[in-house]
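Heads up: the sequence shown begins at 2 in our numbering, then just goes up one per residue.
From the three backbone atoms N, C-alpha and C, an ideal C-beta is built for every residue, glycine too.
A quick note: this is a predicted structure, and the numbers were derived from the prediction, not measured.
Working notes, beginning with the structure itself.
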Amino acid sequence: MGALDVAEQALQHELRRSAPPRPLTRRHALTLWSGDGLPSAVQVATPLLLDARPAVVQLHAGPQGLRDHLRAAAFRVRATLPDVALWVGVAWDGWVDEVTPANVDRVIERVYLPAARAARDVGAELLVINSEAAGKVHPTAARLLACKAIDVIRAECPGLLLGHTAYDHPDFHDEEPGNGRIDRDDTGYPWSAYLGGAAAKAAGVELPKSGPVDVELPQRYAAPAKPEGKPQPMAGVGSLQRRIAGSVASFARATALGWIDPAVPVLSYVQAHHVDARDTAAVGALRPLALWAAPTRLDDHGRRALRVLCTAERGELGADLGQTDWPVITAWAQGRVGVAGDGQWGAKSTAAALTWLRARGLDGDGRFGAELLAALQGAS
Numbered sequence: 002m003g004a005l006d007v008a009e010q011a012l013q014h015e016l017r018r019s020a021p022p023r024p025l026t027r028r029h030a031l032t033l034w035s036g037d038g039l040p041s042a043v044q045v046a047t048p049l050l051l052d053a054r055p056a057v058v059q060l061h062a063g064p065q066g067l068r069d070h071l072r073a074a075a076f077r078v079r080a081t082l083p084d085v086a087l088w089v090g091v092a093w094d095g096w097v098d099e100v101t102p103a104n105v106d107r108v109i110e111r112v113y114l115p116a117a118r119a120a121r122d123v124g125a126e127l128l129v130i131n132s133e134a135a136g137k138v139h140p141t142a143a144r145l146l147a148c149k150a151i152d153v154i155r156a157e158c159p160g161l162l163l164g165h166t167a168y169d170h171p172d173f174h175d176e177e178p179g180n181g182r183i184d185r186d187d188t189g190y191p192w193s194a195y196l197g198g199a200a201a202k203a204a205g206v207e208l209p210k211s212g213p214v215d216v217e218l219p220q221r222y223a224a225p226a227k228p229e230g231k232p233q234p235m236a237g238v239g240s241l242q243r244r245i246a247g248s249v250a251s252f253a254r255a256t257a258l259g260w261i262d263p264a265v266p267v268l269s270y271v272q273a274h275h276v277d278a279r280d281t282a283a284v285g286a287l288r289p290l291a292l293w294a295a296p297t298r299l300d301d302h303g304r305r306a307l308r309v310l311c312t313a314e315r316g317e318l319g320a321d322l323g324q325t326d327w328p329v330i331t332a333w334a335q336g337r338v339g340v341a342g343d344g345q346w347g348a349k350s351t352a353a354a355l356t357w358l359r360a361r362g363l364d365g366d367g368r369f370g371a372e373l374l375a376a377l378q379g380a381s
């Protein structure tokens with residue numbers, strides 16, 4: 002490598018270091034994942050992308066899969082959806098048990114940093130660290146890896162926001178035994194390594210020097226557990242709302258214990274399968290959701306919910322989506338006006354819609370139809 006190349010590399014490195022973080026697109030995000038790899042996930046999901054047209058697509062794979070295939074996958078997604086915002090999810094657990102103080106820098110450089118660089122190079126807004134059971138089995142190694150990797154990735158890829166996704170009830174996967182207040186001992190899942198703030202710092206816990214991640218995506222999965230040898234049952238209407246409420250309460254308890262900084266924004270990660278489409282649409286009517294995952298963990302309910310949510314986000318929601326989607330559209334409208342999204346518009350929904358319209362100085366009688374749908378999509 003010549004002197005000019007070295008100088009150019011140094012210049013590019015400094016430009017990256019000074020790059021401001023990209024703004025995070027606060028819209029519904031569809032994750033693409035397949036056990037057959039990222040190329041297969043994108044290829045099979047392309048018709049769905051054309052149909053639903055999500056504003057955000059998250060490409061999820063292991064570190065090597067991202068290193069080897071992210072560029073081509075991002076190109077294909079952007080060819081399908083030119084205005085899409087890209088997020089990248091990285092499966093994190095595979096190397097945690099190998100991490101020691103002596104080799105952590107080498108593991109990051111060899112395994113995780115190439116994935117982060119790939120995300121940076123395709124212009125992704127966000128890199129989501131998907132860390133789960135290994136954090137409970139190897140809490141000391143998991144903390145060391147998280148703290149070091151977050152700082153290294155931010156230094157190397159400063160325009161790239163960082164996220165974390167794991168369990169949605171921290172006090173079911175406690176950082177301290179018996180849900181105790183935070184201390185310096187690594188005995189459970191290291192929530193504070195990703196999400197810790199002033200309380201964790203005061204307790205002397207090792208934290209990333211650059212601060213916690215930029216956004217938390219708890220896996221608020223409402224589908225019931227699959228019985229052995231039997232089909233997975235569906236979650237009933239209202240299950241997702243209850244799951245989210247329980248998760249919010251659990252995060253509040255973890256915050257009070259010093260594990261989590263409440264200043265870290267939270268975005269719900271929900272299932273695009275085995276959850277009633279009406280439930281997902283009603284919840285997503287008021288807040289952006291990340292949905293797991295096409296094409297391999299997606300059923301008809303997830304597909305219908307995704308289509309309604311993305312269409313509403315564009316302000317294009319109407320009766321033309323078809324009769325099968327009408328209950329889902331109705332549930333979305335119910336969610337917008339703050340009533341339970343059961344897909345049946347009655348007197349309670351009409352009264353809530355009328356209150357919603359009046360609070361915004363809008364005309365209307367609260368009856369469900371094209372005029373109300375237009376108003377619900379056009380006002381905050």
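Within 7 Å, strictly: CB atoms of residue i and residue j
i: residue 75; j: residue 123; result: yes
i: residue 347; j: residue 358; result: no
i: residue 263; j: residue 256; result: yes
i: residue 189; j: residue 176; result: yes
i: residue 285; j: residue 268; result: no
i: residue 314; j: residue 54; result: no
i: residue 63; j: residue 103; result: no
i: residue 206; j: residue 185; result: yes
i: residue 90; j: residue 59; result: yes
i: residue 98; j: residue 139; result: yes
Supposed close pair residue i, residue j - CB separation, criterion 8 Å
i: residue 216; j: residue 146; result: Between residue 146 and residue 216 the Cβ distance is about 20 Å, and since that is not below 8 Å, they are no contact.
i: residue 45; j: residue 88; result: Wrong, their Cβ atoms sit about 19 Å apart, outside the cutoff.
i: residue 43; j: residue 85; result: 12 Å between Cβ atoms; not a contact.
i: residue 282; j: residue 239; result: Not quite, the Cβ-Cβ distance comes to about 13 Å (not below 8 Å), so this is no contact.
i: residue 254; j: residue 172; result: 5 Å
i: residue 220; j: residue 280; result: With a Cβ gap of about 16 Å, residue 220 and residue 280 do not count as contacting.
i: residue 241; j: residue 223; result: 4 Å
i: residue 377; j: residue 337; result: 5 Å
i: residue 26; j: residue 81; result: About 17 Å separates the two Cβ atoms, so there is no contact after all.
Simplified DSSP state of residue i, which is helix, strand or coil
i: residue 366; result: coil
i: residue 163; result: strand
i: residue 198; result: coil
i: residue 241; result: helix
i: residue 12; result: Unreliable placement is indicated for residue 12, whose pLDDT of 41 sits below 50; the coordinate value is still reported in the next sentence. Residue state, collapsed to three classes: helix.
i: residue 61; result: strand
i: residue 272; result: strand
i: residue 131; result: strand
i: residue 142; result: helix
i: residue 220; result: strand
i: residue 96; result: helix
i: residue 375; result: helix
i: residue 380; result: coil
i: residue 295; result: strand
i: residue 85; result: coil
i: residue 286; result: coil
i: residue 31; result: strand
i: residue 91; result: strand
Pairwise C-alpha distance: residue j and residue i
i: residue 31; j: residue 150; result: 25 Å
i: residue 340; j: residue 287; result: 11 Å
i: residue 113; j: residue 197; result: 21 Å
i: residue 182; j: residue 258; result: 5 Å
i: residue 353; j: residue 367; result: 8 Å
i: residue 38; j: residue 333; result: 33 Å
i: residue 304; j: residue 329; result: 11 Å
i: residue 345; j: residue 362; result: 26 Å
i: residue 73; j: residue 36; result: 17 Å
i: residue 229; j: residue 237; result: 20 Å
i: residue 11; j: residue 110; result: Residue confidence is low: residue 11 scores 48 on pLDDT, short of 50, so the model does not pin down where it sits. Its coordinate-derived value is still stated next. Taking the straight line joining both Cα atoms gives about 18 Å.
i: residue 327; j: residue 193; result: 43 Å
i: residue 24; j: residue 231; result: 44 Å
i: residue 371; j: residue 319; result: 6 Å
i: residue 306; j: residue 106; result: 43 Å
i: residue 136; j: residue 166; result: 12 Å
i: residue 226; j: residue 277; result: 15 Å
i: residue 375; j: residue 249; result: 31 Å
i: residue 379; j: residue 356; result: 16 Å
Cβ neighbours of residue i in the same chain (closer than 7 Å, five flanking residues each side left out)
i: residue 383; result: As displayed, the chain neither begins before 2 nor continues past 381, which places residue 383 out of reach and without an answer.
i: residue 96; result: 108 and 112
i: residue 134; result: 94
i: residue 100; result: 108, 142, 145 and 146
i: residue 235; result: 275 and 277
i: residue 316; result: 378 and 379
i: residue 125; result: 87, 88, 89 and 161
i: residue 191; result: 136, 140, 143, 144, 147 and 176
Proximal residues to residue i (C-beta, below 6 Å), its chain only, five neighbours per side dropped
i: residue 68; result: 115, 116 and 119
i: residue 155; result: 211
i: residue 121; result: 158 and 161
i: residue 49; result: 295
i: residue 308; result: 53
i: residue 350; result: 335 and 340
Neighbour flag for residue i against chain B, beta carbons, 7 Å
i: residue 111; result: In summary, chain B is missing from the structure at hand, where a single protein chain is found.
Residues near residue i by beta carbon distance below 8 Å, same chain, minus five either side
i: residue 199; result: 262
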